[in-house]
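Q: Below you'll find the structure I mean.
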Amino acid sequence: AQSVSQHNHHVILSEAASLELGCNYSYGGTVNLFWYVQYPGQHLQLLLKYFSGDPLVKGIKGFEAEFIKSKFSFNLRKPSVQWSDTAEYFCAVNSGGYNKLIFGAGTRLAVHP
Amino acid sequence: KAGVTQTPRYLIKTRGQQVTLSCSPISGHRSVSWYQQTPGQGLQFLFEYFSETQRNKGNFPGRFSGRQFSNSRSEMNVSTLELGDSALYLCASSLVGGQGIHEQFFGPGTRLTVL
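See the structure below:
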């Protein structure tokens, strides 16, 4: 069965620190990859997505992610976090069509001023 | 453009009852997917509807069902509620369904509490 693994459940950073959140998936075929963010009290929003092409994708708010097929990974990065990045981040995979997203367990990020 | 709307936002039911949740997709979006979010199991796919047809289903019991109307609005129903059904139920819409991958836009969810 397809699965998505997020390595860190809780991450605490100070403002201006760099961020990298790990995401690995288990599926051997063609995949489409997403990072969603859920700010406190808000609904899930798409940060970025990878369908094909350049494996380094840039999203909103300065986030980027790199798809490494050989490692089945899609890690999320941001060079300098802000207090407003405090949120829960979800990695998700879609394969085989039909809009079925498989989500990771999520990573809660807390950024201290 | 209005986002995905879900009603009601909060719901309290007792065990054994049934509940119907509603989702209105973004205008022009024809695919609607439903997800359950709980602290223990995270985000899990329930089912997807496109053109009034269920295209895919997750691993949930038959107590969970849904439908889609000709205007793309969707409802999901949970019968014989159990305590474990307490969750945030999220609806997501996208432009098209079927084969092919499209970005999904999520609604705010319906928080269901089963007592």
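Residue numbers (my numbering), protein chains in the order written: chain A, 3 to 115; chain B, 846 to 960.
By construction, the Cβ of each residue, glycine as well, lies at the ideal position given by its N, Cα and C atoms.
Just so it is clear, the structure is predicted and the values come from calculations on it, not from any experiment.
Which chain B residues sit within Cβ distance under 7 Å of A/G108?
A: Residue mapping note: residue 108 of chain A aligns to position 106 of the first sequence, counting from 1. By Cβ distance, chain B contributes G887.
Q: Quick one: using the 10 Å Cβ neighbour count with 16 as the cut-off for buried, is B/Q862 buried or exposed?
A: Translated into the one-based positions of the second sequence, residue 862 of chain B becomes position 17. With fewer than 16 Cβ atoms within 10 Å of its Cβ, B/Q862 is classed as exposed.
Q: For B/V923, list the residues DSSP reports as bridge partners.
A: Locating residue 923 of chain B in the second sequence gives position 78, where the first residue counts as 1. DSSP lists B/V864 and B/F909 as partners of B/V923.
Q: Would you say B/H874 faces chain A, with C-beta separation under 8 Å as the test?
A: If you number the second sequence from 1, residue 874 of chain B lands on position 29. Judged by the 8 Å Cβ criterion, B/H874 is not in contact with chain A.
Q: Who does B/S938 pair with in a DSSP beta bridge?
A: Your numbering for residue 938 of chain B matches position 93 in the second sequence. In DSSP, B/S938 forms a bridge with B/V877 and B/F950.
Q: Which residue comes first and which comes last in the beta strand (DSSP E) that contains A/K114?
A: As a position in the first sequence, residue 114 of chain A is number 112, starting the count at 1. A quick correction: the sequence has His, not Lys, at residue 114 of chain A. Counting along the chain, the beta strand (DSSP E) containing A/H114 begins and ends at T109 to H114.
Q: Reducing DSSP to helix, strand and coil, say where A/I104 ends up.
A: Here residue 104 of chain A refers to the residue found at position 102 of the first sequence. Reduced to three states, the DSSP call for A/I104 is strand.
Q: Going by the DSSP bridge assignment, what does A/L49 pair with across the sheet?
A: Start at 1 with the first residue of the first sequence, and residue 49 of chain A comes out as number 47. Note: A/L49 sits in no beta bridge, so no partner.
Q: Contact criterion: CB-CB distance below 8 Å. Does B/F909 meet it with respect to chain A?
A: Residue 909 of chain B sits at position 64 when you count from the first residue of the second sequence. Not an interface residue.
Q: By the criterion of Cβ-Cβ separation under 7 Å, what are the contact partners of A/F69 in chain B?
A: What you label residue 69 of chain A is simply residue 67 of the first sequence in a count that begins at 1. Ordered by position in chain B, no residue passes the 7 Å Cβ test against A/F69, which lies about 14 Å from the chain.
Q: Taking 8 Å as the CB-CB cut-off, is A/H9 touching chain B?
A: To locate residue 9 of chain A, count along the first sequence from 1; it is residue 7. For A/H9, the answer is no, since every Cβ of chain B falls outside 8 Å of its Cβ.
Q: Looking at C-alpha atoms only, which residue of B/A932, B/Y894 and B/F951 is the closest neighbour of B/V923?
A: Position 78 of the second sequence, counted from the start, is the residue given in the question as residue 923 of chain B. The candidate whose alpha carbon is nearest that of B/V923 is B/A932.
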